[in-house]
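So the sequence lines, in the order shown, correspond to chains D and W.
With my numbering, letter number 165 in the first sequence gets 241, and the count goes up by one each step, no holes.
With my numbering, letter number 192 in the second sequence gets 268, and the count goes up by one each step, no holes.
For every residue, glycine included, the Cβ atom is placed at its ideal position computed from N, Cα and C.
Every value quoted in this text rests on a predicted model; they were computed, and no experiment measured them.
Protein chains: 2
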Amino acid sequence: MANQLNPHVSVDCVIFGFDFEALHVLLIDRELSTSNTPVIKKDLKLPGSLVYDDEDLDTSASRVLKELTGLENIFLRQFHIFGSPSRVSNKIDLDWLTYTSKLPISRVVTIAYYSLVKIDEVNSADKLAMHGAHWIALDDVGNLAFDHNEILQAGLETLRSRLRAEPIGFELLPKKFTIRQLQTLYEVIIGQKLDSRNFRKKIAKLRYLIPLQEREINVAHKPAQLYRFDKRLYYKTRKENFVFTL
Amino acid sequence: MANQLNPHVSVDCVIFGFDFEALHVLLIDRELSTSNTPVIKKDLKLPGSLVYDDEDLDTSASRVLKELTGLENIFLRQFHIFGSPSRVSNKIDLDWLTYTSKLPISRVVTIAYYSLVKIDEVNSADKLAMHGAHWIALDDVGNLAFDHNEILQAGLETLRSRLRAEPIGFELLPKKFTIRQLQTLYEVIIGQKLDSRNFRKKIAKLRYLIPLQEREINVAHKPAQLYRFDKRLYYKTRKENFVFTL
DNA sequence: CCAAAAGTGTTACCTTTACACCCATGG
DNA sequence: CCATGGGTGTAAAGGTAACACTTTTGG
Numbered sequence: 077m078a079n080q081l082n083p084h085v086s087v088d089c090v091i092f093g094f095d096f097e098a099l100h101v102l103l104i105d106r107e108l109s110t111s112n113t114p115v116i117k118k119d120l121k122l123p124g125s126l127v128y129d130d131e132d133l134d135t136s137a138s139r140v141l142k143e144l145t146g147l148e149n150i151f152l153r154q155f156h157i158f159g160s161p162s163r164v165s166n167k168i169d170l171d172w173l174t175y176t177s178k179l180p181i182s183r184v185v186t187i188a189y190y191s192l193v194k195i196d197e198v199n200s201a202d203k204l205a206m207h208g209a210h211w212i213a214l215d216d217v218g219n220l221a222f223d224h225n226e227i228l229q230a231g232l233e234t235l236r237s238r239l240r241a242e243p244i245g246f247e248l249l250p251k252k253f254t255i256r257q258l259q260t261l262y263e264v265i266i267g268q269k270l271d272s273r274n275f276r277k278k279i280a281k282l283r284y285l286i287p288l289q290e291r292e293i294n295v296a297h298k299p300a301q302l303y304r305f306d307k308r309l310y311y312k313t314r315k316e317n318f319v320f321t322l
Numbered sequence: 077m078a079n080q081l082n083p084h085v086s087v088d089c090v091i092f093g094f095d096f097e098a099l100h101v102l103l104i105d106r107e108l109s110t111s112n113t114p115v116i117k118k119d120l121k122l123p124g125s126l127v128y129d130d131e132d133l134d135t136s137a138s139r140v141l142k143e144l145t146g147l148e149n150i151f152l153r154q155f156h157i158f159g160s161p162s163r164v165s166n167k168i169d170l171d172w173l174t175y176t177s178k179l180p181i182s183r184v185v186t187i188a189y190y191s192l193v194k195i196d197e198v199n200s201a202d203k204l205a206m207h208g209a210h211w212i213a214l215d216d217v218g219n220l221a222f223d224h225n226e227i228l229q230a231g232l233e234t235l236r237s238r239l240r241a242e243p244i245g246f247e248l249l250p251k252k253f254t255i256r257q258l259q260t261l262y263e264v265i266i267g268q269k270l271d272s273r274n275f276r277k278k279i280a281k282l283r284y285l286i287p288l289q290e291r292e293i294n295v296a297h298k299p300a301q302l303y304r305f306d307k308r309l310y311y312k313t314r315k316e317n318f319v320f321t322l
């Protein structure tokens with residue numbers, strides 16, 4: 077009984093990465109075929125898995141992430157449950173699930189997670205490709221398998237709204253980063269240009285953003301100051317701001 | 077197959093109500109007994125249900141709410157899934173579930189919803205008691221069944237954090253309310269006293285909070301102006317504020 | 001006339017916004 | 001020496017926070 081895949085519950089992960097220009101998401105090839113037909117169509121899906129009977133949901137999502145990226149202890153949060161009885165209803169999707177899981181599949185409830193990774197720490201594109209995984213810029217995402225477009229969209233909106241309340245942007249940047257990189261990150265996630273003088277003033281007031289004795293190298297312009305984010309200091313000094321919309 | 081209860085997936089609802097003084101939550105008697113033993117213990121649980129095979133998750137939660145309160149079209153949002161393999165592991169919990177559902181139960185993942193209702197529109201306390209349901213003030217909640225204390229706590233935190241971003245407080249107030257009632261509501265949810273002159277100034281600027289040609293009656297003090305919340309106007313005039321914590 | 005909550009304004013401070021030019025580096 | 005992005009300050013406007021007294025009703 078234990079260590080069996082549970083055919084009723086799955087996890088799917090929206091894994092975000094940032095290359096200093098745009099947000100990307102990690103997607104997996106899905107080859108549509110059945111036991112006796114050749115590949116009839118390819119498309120892309122979110123990384124995911126059925127959950128083992130004795131496995132915690134968070135553990136299951138961590139496992140997917142680890143297998144794919146090689147990383148552990150990564151920012152990972154469940155954000156929504158997709159459980160419409162008809163969400164896996166078309167024949168191709170059902171066949172694919174039944175074939176790949178070797179289990180009788182009817183209704184599958186999926187727990188959607190979003191994850192933020194530092195692209196430079198993840199397996200290289202070559203290694204990812206061996207798992208059929210690719211970084212796709214958000215603007216280039218086409219029709220995905222199952223209801224994964226809907227899940228991706230919801231994950232993006234969660235990221236947007238959480239970014240306003242928590243300093244999670246740093247999960248997407250290398251340990252050392254420039255203010256410009258941070259600003260661009262906020263701009264692409266929020267979808268708004270920001271004034272960089274005002275942005276820098278904001279930064280300057282935050283004691284948990286610490287300028288290093290280091291600058292960029294090999295750039296064809298004045299090299300920028302590097303900073304790091306001190307998470308511990310953030311949580312020590314953070315003050316609840318009781319601003320509410322009403 | 078259709079219209080069968082799915083023994084793997086349930087919904088649980090944290091239903092909040094406000095009586096102008098404190099937040100309350102709607103809880104249900106659970107009588108612990110088995111086929112051949114009498115009632116051995118009573119405790120309280122969140123209202124919930126297993127999900128039918130052909131039933132949407134939101135529909136399932138609405139069904140629970142309707143059965144209990146008599147209300148439809150109520151504010152109801154999923155906020156977390158609880159799916160630890162050991163969350164229903166003690167014998168009493170397992171026996172109860174198996175006995176009441178008449179299904180073989182092992183692991184159950186539950187989708188937790190929080191709901192905001194106007195206490196004056198819900199079934200009266202008498203009617204509720206016929207379903208074994210009671211409004212319990214948050215401060216008076218003791219040990220609940222299963223992991224329901226944890227679910228309740230998470231629901232409360234979700235309510236707190238959403239209240240800062242969305243005007244959902246009005247779901248807990250009658251259609252006509254006073255500024256003092258609104259302020260008390262915010263105070264008990266946020267857990268902070270607010271300055272009432274400043275609070276009123278804030279209100280005065282909001283065009284979607286509309287003073288009525290009506291005042292309180294039968295109060296032993298100067299009767300207060302009544303207001304209503306115009307949801308449509310709110311969504312028409314709302315402007316995204318791009319404040320972010322960083 | 002008393003108790004109880006309603007309602008009202010001002011000031012100091014802080015935050016946000018808008019806006020333009022010189023600097024340091026690589027090629 | 002040119003192209004590229006790095007880095008800087010000020011002023012006006014708006015929002016937030018702190019604070020005490022008069023008004024209106026029921027009993």
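Own chain residues within Cβ distance below 7 Å of residue 285 of chain W, not counting five before or after: 279, 303 and 305.
Close-in-space but distant-in-sequence residues of the same chain around residue 216 of chain W (CB under 8 Å, 5 per side omitted): Around residue 216 of chain W: no qualifying Cβ.
Residue-chain proximity (residue 272 of chain W, chain D), Cβ-Cβ < 8 Å: It does not: the Cβ of residue 272 of chain W has no partner Cβ on chain D nearer than 8 Å.
Proximity winner among W:181, W:296, W:269 and W:254, relative to residue 289 of chain W (alpha-carbon distances): Of W:181, W:296, W:269 and W:254, the residue nearest in Cα terms is W:254.
Alpha carbon of residue 249 of chain D to alpha carbon of residue 193 of chain D, nearest angstrom: CA-CA distance, residue 249 of chain D to residue 193 of chain D, rounds to 8 Å.
Candidates D:159, D:119, D:106 and D:196, of which the one nearest residue 87 of chain D by Cα: Of the listed residues, the one whose Cα sits closest to residue 87 of chain D is D:159.
Test: residue 263 of chain D CB closer than 8 Å to a CB of chain W: For residue 263 of chain D, the answer is no, since every Cβ of chain W falls outside 8 Å of its Cβ.
Chain D contacts made by the stretch 115-148 of chain W, where a contact means CB separation under 7 Å: Listed by position, the residues of the stretch 115-148 of chain W near chain D (Cβ gap below 7 Å) are 129, 130, 131, 132 and 133.
Under the three-state DSSP convention, the category residue 303 of chain D falls into: DSSP places residue 303 of chain D in strand when its eight states are reduced to three.
Cβ neighbours of residue 185 of chain D in the same chain (closer than 8 Å, five flanking residues each side left out): Its chain contains 84, 85, 86, 157, 158 and 159 as the residues whose beta carbon lies nearer than 8 Å to that of residue 185 of chain D, once the 5 sequence neighbours on both sides are disregarded; these appear in chain order.
Contact list for the stretch 227-241 of chain W against chain D, Cβ threshold 9 Å: Answer in chain order: 237, 239, 240 and 241.
Cβ shell of residue 101 of chain W (< 7 Å), same chain only, five flanking positions each side left out: Excluding positions up to five away in sequence, the list reads 90, 91, 92, 212, 214, 217 and 228.
Start-end ranges of the beta strand (DSSP E) lying completely within the stretch 239-307 of chain D, minimum 3 residues: Runs found: 285-291 and 301-305.
Opening and closing residue of the alpha helix (DSSP H) in which residue 34 of chain W lies: Outside the displayed range of chain W (77 to 322) lies residue 34 of chain W, so it cannot be described from this structure.
Euclidean distance between Cα positions of residue 173 of chain D and residue 281 of chain D: Cα to Cα, the separation comes out at about 52 Å.
Check whether residue 146 of chain D and residue 199 of chain D have beta carbons under 8 Å apart: Pairing residue 146 of chain D with residue 199 of chain D gives a Cβ-Cβ distance under 8 Å.
Neighbourhood of residue 196 of chain W by C-beta, 8 Å cutoff - its chain only, sequence neighbours within 5 removed: Result list for residue 196 of chain W: 250, in chain order.
For residue 116 of chain D and residue 238 of chain D, the rounded distance between their alpha carbons: The alpha-carbon atoms of residue 238 of chain D and residue 116 of chain D are separated by roughly 40 Å.
Neighbour flag for residue 260 of chain D against chain W, beta carbons, 8 Å: Residue 260 of chain D is outside the set of residues whose beta carbon lies under 8 Å from a beta carbon in chain W.
Beta-carbon proximity check, residue 207 of chain W vs residue 152 of chain W, cutoff 8 Å: Residue 207 of chain W places its beta carbon 8 Å or farther from that of residue 152 of chain W.
For residue 124 of chain D, the residue or residues it bridges with in DSSP: D:88.
Contacts that residue 243 of chain D makes with chain W (C-beta to C-beta distance below 8 Å): Simply 321 and 322.
Unbroken alpha helix (DSSP H) run spanning residue 174 of chain D, endpoints: First-last of the alpha helix (DSSP H) with residue 174 of chain D: 167-177.
Cβ-based neighbour list, residue 181 of chain W, same chain, cut-off 8 Å, excluding 5 preceding and 5 following: Correct list, in chain order: 83, 164, 170, 173 and 174.
Where residue 160 of chain D meets chain W, residues with beta-carbon distance less than 7 Å: For residue 160 of chain D, the residues of chain W that pass the 7 Å Cβ criterion are 132, in the order they occur in the chain.
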